[in-house]
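Residue numbering for the sequence shown follows the working numbering, beginning at 5 and increasing consecutively.
For every residue, glycine included, the Cβ atom is placed at its ideal position computed from N, Cα and C.
Single-structure report; data block below.
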Amino acid sequence: MSDRCLVVQPIHPDGVARLQAAGIDVALASAPDMATIAREIVGATAAITRNAGLDRRAIDAAPRLRVIGNHGVGLDPVDVARATELGVCVVSTPGASTQSVAELAVALALAVAKQLPSAQRATRAGDFGFKYHSAIRELHDKVVGVVGFGRIGRRAAEIFAAGFQMHPLVYAPSASGEAIAAVGGRRAHALRDVLERSDVVTLHVPLRDETRHLLGAAELARCKPGAILVNTARGGVVDEQALVDALRSGRLAGAGLDVYATESMPSDHPLFALDNVVLTPHVGGSSLEAARRTALQVADQVIDVLAGRRPAHLVVPEVWGRRR
Ligand code: NAD
5 MSDRCLVVQP
15 IHPDGVARLQ
25 AAGIDVALAS
35 APDMATIARE
45 IVGATAAITR
55 NAGLDRRAID
65 AAPRLRVIGN
75 HGVGLDPVDV
85 ARATELGVCV
95 VSTPGASTQS
105 VAELAVALAL
115 AVAKQLPSAQ
125 RATRAGDFGF
135 KYHSAIRELH
145 DKVVGVVGFG
155 RIGRRAAEIF
165 AAGFQMHPLV
175 YAPSASGEAI
185 AAVGGRRAHA
195 LRDVLERSDV
205 VTLHVPLRDE
215 TRHLLGAAEL
225 ARCKPGAILV
235 NTARGGVVDE
245 QALVDALRSG
255 RLAGAGLDVY
265 ATESMPSDHP
275 LFALDNVVLT
285 PHVGGSSLEA
295 ARRTALQVAD
305 QVIDVLAGRR
315 PAHLVVPEVW
325 GRRR
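So this is what it looks like as structure tokens:
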């Protein structure tokens, strides 16, 4: 029987073409909700998913499933434990979107500092007096707190330092001193230090039990008055209600957010009523360049697993020896 790959959410066509060139039948799911996926995944030997993930029910519905390709690095919506239990390989695409996400973190910090949404509204309204009642800032020579110093955190720190001569203050217990020094940064031994001393705080940790609400009301209250918070990691890393309160009270000057507790949000979400936020709909990894790179990386690894070759980025390496 030939291999069949269910693509849960669309990927760059070059990735699809690569799968097809390897003789794999590719089907795009009719909708990315897990009830639909559980119906459409039945005969698949592979699945590629994005932020919709793949839950236990969908994995259990596919007795021939051998590999799950996670298009991206955020694995929280995939039931990796269940896949591993069944000997299903999970592969991911670390690094494919690093530059794009780091660029977005910088763009969000700049957009908040330069008040771009309000400035655009003022321009359209003919308000060229905007400059007299706005508080536009520079990033130059300021402290940028970097929470999480993996691929994206490191690249963001590099751009902030090289582009704006900012001073990275890094909170990442497992990061090496050399890596931090390489971006001209200093290590913070506690998250509290980063929050108290940074003009911009940028988050780059994965969402796990220990990072859920890493920034809650108590932590946000420690932020330097007038700081800017940037979150391109995961919405759950910040207590969103506490963030809204900190923004309303003026404790934070503003926030640039790409990720949210729930995506998407209802139209009456309190963030929408705030002027000092810049919001993007989880587009960090979605540049044209990154989309193609990610689709090709995930396709290559799906092809590898189906051909019996060990893929480059197995999420749980131990599964290889007892794969389905
Ligand atoms: P990575 O694994 O290279 O780096 C994550 C770093 O966080 C690691 O160095 C780890 O040691 C550190 N870390 C983990 N727990 C920590 C804690 N409690 N305190 C401090 N540091 C901690 O991952 P990455 O490629 O840099 O991506 C980071 C996150 O960005 C991903 O997990 C994902 O959720 C998010 N992401 C978002 C988008 C987007 O579109 N907005 C795209 C890609 C990734």
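Minimum C-alpha distance to residue i - residue among the options
i, options, result
"Ala265", "Leu283, Asp243, Ala250 and Gly27", "Asp243"
"Ala4", "Arg327, Leu79 and Val174", "Shown here, the chain extends from 5 to 328; a query on residue 4 therefore has no answer."
"Leu79", "Pro285, Met38 and Pro210", "Pro210"
"Ala106", "Arg328, Ser291 and Gln305", "Ser291"
"Ile156", "Lys146, Arg125 and Leu207", "Leu207"
"His75", "Gly57, Pro17, Arg212 and Ala126", "Gly57"
"Arg141", "Ile232, Met38 and Val46", "Ile232"
"Ala139", "Gly154, Lys118 and Asn55", "Lys118"
"Gln13", "Val30, Ala35 and Leu23", "Ala35"
"Arg327", "Gly220, Gln24, His193 and Val94", "Val94"
"Phe164", "Gly230, Gly188 and Arg70", "Gly188"
heavy atom of the ligand NAD below 6 Å from residue i C-beta
i, result
"Ile52", "no"
"Val182", "One detail in the question is off: residue 182 reads as Glu in this sequence, not Val. Because no heavy atom of the ligand NAD lies under 6 Å away, the Cβ of Glu182 does not count as near it: no."
"Pro274", "no"
"Arg141", "no"
"Ala237", "yes"
"Thr284", "no"
"Thr206", "no"
"Ser6", "no"
First and last residue of the uninterrupted alpha helix (DSSP H) at residue i
i, result
"Arg60", "Arg60 to Asp64"
"Ser232", "Note that residue 232 corresponds to Ile in the displayed sequence, not to Ser. Note, Ile232: premise wrong, no alpha helix (DSSP H); beta strand (DSSP E) at Ala231 to Asn235."
"Ile72", "Not the alpha helix (DSSP H): Ile72 falls in the beta strand (DSSP E), residues Val71 to Asn74."
"Pro67", "Counting along the chain, Pro67 falls outside any alpha helix (DSSP H), and DSSP gives it neither H nor E."
"Pro172", "Run containing Pro172: none in the alpha helix (DSSP H); it sits in the beta strand (DSSP E), His171 to Tyr175."
"Val148", "Unbroken run through Val148 is the beta strand (DSSP E), Val147 to Val151; no alpha helix (DSSP H)."
"Asp249", "Glu244 to Ser253"
"Gly157", "Arg155 to Phe168"
"Ile184", "Gly181 to Ala186"
Residue range of the unbroken beta strand (DSSP E) whose run includes residue i
i, result
"Val110", "Not the beta strand (DSSP E): Val110 falls in the alpha helix (DSSP H), residues Thr102 to Ala117."
"Leu10", "Arg8 to Val11"
Cβ separation of residue i and residue j, assumed to be a contact under 8 Å, to the nearest whole Å
i, j, result
"Gly258", "Leu108", "Actually they do not touch by this definition, with Cβ atoms about 16 Å apart."
"Val82", "Thr53", "7 Å"
"Thr49", "Leu310", "6 Å"
Proximal residues to residue i (C-beta, below 6 Å), its chain only, five neighbours per side dropped
i, result
"Leu224", "Ala246 and Ala250"
"Arg216", "Gly240"
"Lys146", "Met170 and Asp203"
"Asp308", "Pro315"
Neighbourhood of residue i by C-beta distance below 7 Å, restricted to the same chain and skipping five residues each side
i, result
"Asp279", "Ser122"
"Arg159", "Thr102, Gln103 and Ala106"
"Thr88", "Val320 and Val323"
"Ser178", "none"
Residues near residue i by beta carbon distance below 8 Å, same chain, minus five either side
i, result
"Leu120", "Leu114 and Val282"
"Arg196", "Glu223 and Arg226"
Neighbour flag for residue i against chain D, beta carbons, 7 Å
i, result
"Lys228", "Absent here is chain D; the protein component of the structure consists of one chain."
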